[in-house]
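Undergrad: Protein chains in written order, with the numbering used here: chain H, 1 to 254; chain G, 255 to 484; chain Y, 485 to 705.
We put the CB at the ideal spot given by N, CA and C, even for glycine.
Pasting in a structure now, in structure tokens, and then I'll have a few things to ask.
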Amino acid sequence: MTNNPAIEFKRVVKKFGDTTILNNLDLSVAQGEKVSIIGPSGSGKSTVLRILMTLEPIDDGVVYVAGRPLWHEKQGDVLVPAREAHLREMRKHMGMVFQQFNLFPHMTVRRNITEAPRHVLGLTQQHANERADEYLALVGLTEHADKFPRQLSGGQQQRVAIARALAMQPQIMLFDEPTSALDPELVGEVLQVIQNLASKDDLTLLLVTHEMQFARKISDRVCFFDKGEIVEQGAPDALFDTPQEPRTQAFLQR
Amino acid sequence: MLFDMHWNTDTHWSFAVSILPILLRGMWVTLQAAAIGFVLAALLGLVLAGLKSVRYRIIAWPARVISEFLRDTPLLIQLFFLYYVLPDYGIVLPAFMTGALALGLQYSAYTSEVYRAGIEAIPKGQYEAARALDLSNLHTFRVIVLPQAIARIIPALGNYLVSIMKDVPLLSVVSVVEMLGVAKIIGDRTFNYLIPLSMVGGLYLLMTLIAASAIRLLDRKLPAQGIPLK
Amino acid sequence: MPFLDYLPALLQGARVTVELTLYSTVLGALVAFGLGIGRHSRRAWLNVPCAVIVEIFRGTSLLVQLFWIYFALPVLGELVGLNLRLEPMVAGTLALALNIGAYGAEVVRGALQAVPTEQLEAAKALDFSGRQTLWRISLPQALPEMMPSFGNLAIQNLKDTALVSLISLGDLAFRAEQIRNFTQDSTTVYTMLLLMYFGMALVLSALMSLLGRRVGAWRNA
């Protein structure tokens, strides 16, 4: 495989009106690396994921995915803002799981999972169904295939959301606080699924979470975000046990 | 010639210019009919809303049926009914008033709903607080319910005023000489329908746009929480 | 009894009214979705013309529109060299459809805008195109929201069909006028007329309710 990092942020700036959310951010994630992002609310953690998923544009800097610019296109030697066609092509590299699950309420579980593979990837109905069955089994929800989202618990819905994202077979999976909206007793089943995914070597994983023990368990690296920049990052044990920066220490003590 | 005014058919432009004052005379009738129709609708709607909310089914239920009936039957037919049937029973009104009455009746069904919705939108907590403070029912209604309901009711009523304006042309079928009626007469006599009808369309558009903007302005000036009381 | 004598003729007219309501409501629905989706679009070349059409048909009286299409359009046609002399049925259907379509367009637009942004984001994350998102994700979720308003508009359309009697289309109102002219028996005729329209409105209302429940079935699963 190539030596390109899976994800690279180079001096990325993101503003919302007058507020600067990301301040010349540099971030690099290797292929197959599992990175957890922790930090206080408003620190810009979710924004990183949303930028990657092309939900938010950037104001300055360049983002690379699998070695290619995401929000820009190469025209000769110059980088110009990307057109929709380019974004659509790049999106296929990534899948995202949202805090609020965001399942399509008017479709069954099965249809939620097969819709994009069928109509974006062009799979046949049968092939898409086979994929759905495979990923439903992976998340342990095979018997719920013909139910509607509202008939499922929050934990089950989130697992469906994970299956839905996986069915597109992206190289990078983005998790935006996947368990923050769940009742405590439902958190475990979702974390279990994510942990299983973390054991896949070829899948790059970016996880924004407040579940510190879980981040420690599955991550290759933990980044602590505050006020739009990475304050400290490193191996989980090192960061959690011996944080170097005062802000990190303050955050972990809470 | 109409209303003692001549028109000039030399060129399209002179025709248009010369019939404009005639059309505007019709528009004045339109505005008057709309205004009176609206006032009737507002008042009758109030009565209807009151009757519909009475606790005795024997009064409330017929009121609700009548309201539904007025809503679901065409204005045109209601108009014809009043115009032809009332005289048979000794009530002779000028065509203009019959028209305004028809408008008032049809829209009273809608305005009664506006009143009901406006009052129902007031949270129960308001009534509970008033009772806790031992305010009388009448006082509660006057000082707590009404100012808050009005803020929601007035813009909604305003929208129906615009609707009424657009329904006034129907009155031309009972010989009320409003704007569309005027245009049709001019068209019948000159065989040129295109210019008068297009101008009427434009004038109506202007009228409704101005009215709609006025209502939006009023809506913005009315605080959402209700008329402030110092 | 007089009303039994009038019934056959009135029923003939009622048939025309039902046909007219059916055609104009279906055509109006197409217009509503076309204009509504156009208004929802971010492309100005689509949005603005749709907005103009919607404002024109909402801001002017239906009767004015009807008369314009029936009386004025042929004149315009002559100027341009086309025969735009429409039959009452066609003119009536067209005017009604455009009118109700303009009001419906606002309902469609409002419902589309009410679809939560999270749904749009989930669709984008799965790499659906804008068009796919609109047709597969937004519209199905917006449709149940539109139904109550569509029900009201359908009833309004039914009432509005009475206006075509004024361009000599033989609907229920027209037949009633004929009978009244002949017999001078205003009270019976108009009472029957009002009751017949009321009956049709109740049936239409029930049908729209049923349709609303079918469309929103996934919400009550």
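Considering K74(H), what are the terminal residues of the beta strand (DSSP E) in which it resides?
TA: 72–75
Undergrad: Report the option in E56(H), V120(H), R11(H) whose CA atom is closest to the CA atom of A82(H).
TA: E56(H)
Undergrad: At which residues does the alpha helix (DSSP H) containing S268(G) begin and terminate?
TA: For S268(G), the enclosing alpha helix (DSSP H) has its first and last residue at 266–306.
Undergrad: Taking C-beta pairs closer than 8 Å, name the residues in chain Y that R88(H) reaches, listed in chain order.
TA: D611, S613
Undergrad: Does any C-beta atom of chain G lie closer than 8 Å to the C-beta of S545(Y)?
TA: Taking Cβ atoms only, chain G reaches closer than 8 Å to S545(Y), which makes this a yes.
Undergrad: Which residue or residues does DSSP assign as beta-bridge partners of L174(H)?
TA: M96(H), L206(H)
Undergrad: What did DSSP end up calling E245(H) once you bin it into helix, strand or coil?
TA: coil
Undergrad: Go to E8(H), then tell me how far its alpha helix (DSSP H) extends in each direction, as first and last residue.
TA: For E8(H), no alpha helix (DSSP H) run applies; the uninterrupted beta strand (DSSP E) run containing it begins and ends at 7–16, by DSSP.
Undergrad: Could you give the distance in angstroms between the alpha-carbon of M1(H) and the alpha-carbon of K92(H)?
TA: Below a pLDDT of 50, predicted positions are generally treated as unreliable, and M1(H), at 48, falls in that range; no measurement from the model is reported.
Undergrad: Cβ of S36(H) within 8 Å of Cβ of T179(H)?
TA: The answer is no: Cβ separation not under 8 Å.
Undergrad: Near S321(G), which residues of its chain fall below 7 Å by C-beta distance, leaving aside the five closest residues on each side in sequence?
TA: L302, K306, A363, S366
Undergrad: From what residue to what residue does the beta strand (DSSP E) around G561(Y) run?
TA: Careful: G561(Y) lies outside any beta strand (DSSP E), inside the alpha helix (DSSP H) at 557–564.
Undergrad: Based on the DSSP secondary-structure assignment, which residues constitute the bridge partners of R697(Y)?
TA: Beta-bridge pairing links R697(Y) to no other residue.
Undergrad: Counting beta carbon pairs with one atom in the stretch 466–484 of chain G and one in the stretch 586–604 of chain Y, are three or more of them shorter than 8 Å?
TA: no
Undergrad: Check whether the stretch 563–582 of chain Y and the stretch 509–521 of chain Y touch, using three or more Cβ-Cβ pairs below 8 Å as the test.
TA: yes
Undergrad: With a threshold of 8 Å between beta carbons, is A606(Y) in contact with chain H?
TA: Yes, because at least one Cβ of chain H sits closer than 8 Å to the Cβ of A606(Y).
Undergrad: F9(H) and V63(H) look like a contact to me (Cβ under 8 Å); what is the Cβ gap, rounded to whole Å?
TA: Contact between F9(H) and V63(H) holds, with the beta-carbon distance rounding to 6 Å and staying under 8 Å.
Undergrad: Along chain Y, in chain order, which residues have C-beta atoms closer than 7 Å to that of F334(G)?
TA: Those within 7 Å of F334(G) in chain Y are Y674.
Undergrad: Does the distance from the C-beta atom of V592(Y) to that of G654(Y) stay below 8 Å?
TA: Contact: no.
Undergrad: Output, in chain order, the set of chain H residues within a Cβ distance shorter than 7 Å of I621(Y).
TA: F104
Undergrad: Compare the C-beta of F517(Y) against all C-beta atoms of chain G and say whether one is closer than 8 Å.
TA: Interface flag for F517(Y) against chain G is unset, since no Cβ pair is found closer than 8 Å.
Undergrad: Run through DSSP, which three-state label would Y361(G) get?
TA: Note: Y361(G) maps to helix in three-state DSSP.
Undergrad: From this set, L355(G), V428(G), E432(G), which residue's C-alpha is nearest E661(Y)'s C-alpha?
TA: V428(G)
Undergrad: Please determine, among D473(G), R470(G), H266(G), P401(G), the residue with the shortest C-alpha to C-alpha distance to L563(Y).
TA: H266(G)
Undergrad: Any idea if D421(G) is buried or exposed, counting beta-carbon neighbours within 10 angstroms, 16 or more meaning buried?
TA: buried
Undergrad: Tell me whether P105(H) sits in a helix, a strand or coil according to DSSP, three-state version.
TA: coil
Undergrad: Rounding to the nearest angstrom, what Cα-Cα distance links V293(G) and M351(G) in this structure?
TA: 12 Å
Undergrad: Strictly under 8 Å for the Cβ-Cβ distance: is M1(H) near chain Y by that measure?
TA: The pLDDT assigned to M1(H) is 48, lower than 50, so where the model puts this residue is not dependable; a value taken from the coordinates is nonetheless given after this. No, its Cβ sits nowhere closer than 8 Å to a Cβ of chain Y.
Undergrad: In chain order, what residues of the stretch 549–566 of chain Y put their CB closer than 7 Å to some CB of chain G?
TA: F551, W552, F555, A556, V559, L560
Undergrad: For T671(Y) and chain G, any beta-carbon pair shorter than 8 Å?
TA: yes
Undergrad: Can you tell me whether Y310(G) is buried or exposed? The criterion is at least 16 other CB atoms within 10 Å of its CB, across all chains shown.
TA: exposed
Undergrad: Between I325(G) and the rest of its own chain, which residues show a CB-CB distance below 6 Å, the 5 nearest in sequence each way excluded?
TA: For clarity, residue 325(G) is Arg in the given sequence; the question names Ile instead. Correct list, in chain order: A363.
Undergrad: What's the C-alpha gap between E526(Y) and M173(H)?
TA: Correcting the residue type first, residue 526(Y) is Arg in the shown sequence and not Glu. Each residue's alpha carbon lies about 30 Å from the other.
Undergrad: Could you give the distance in angstroms between the alpha-carbon of G299(G) and the alpha-carbon of Y369(G)?
TA: About 8 Å.
Undergrad: Out of I408(G), I440(G), N413(G), L459(G), state which residue places its alpha-carbon closest to the alpha-carbon of L476(G).
TA: I408(G)
Undergrad: Report yes if the C-beta distance between G154(H) and L186(H) is below 8 Å; otherwise report no.
TA: Yes.
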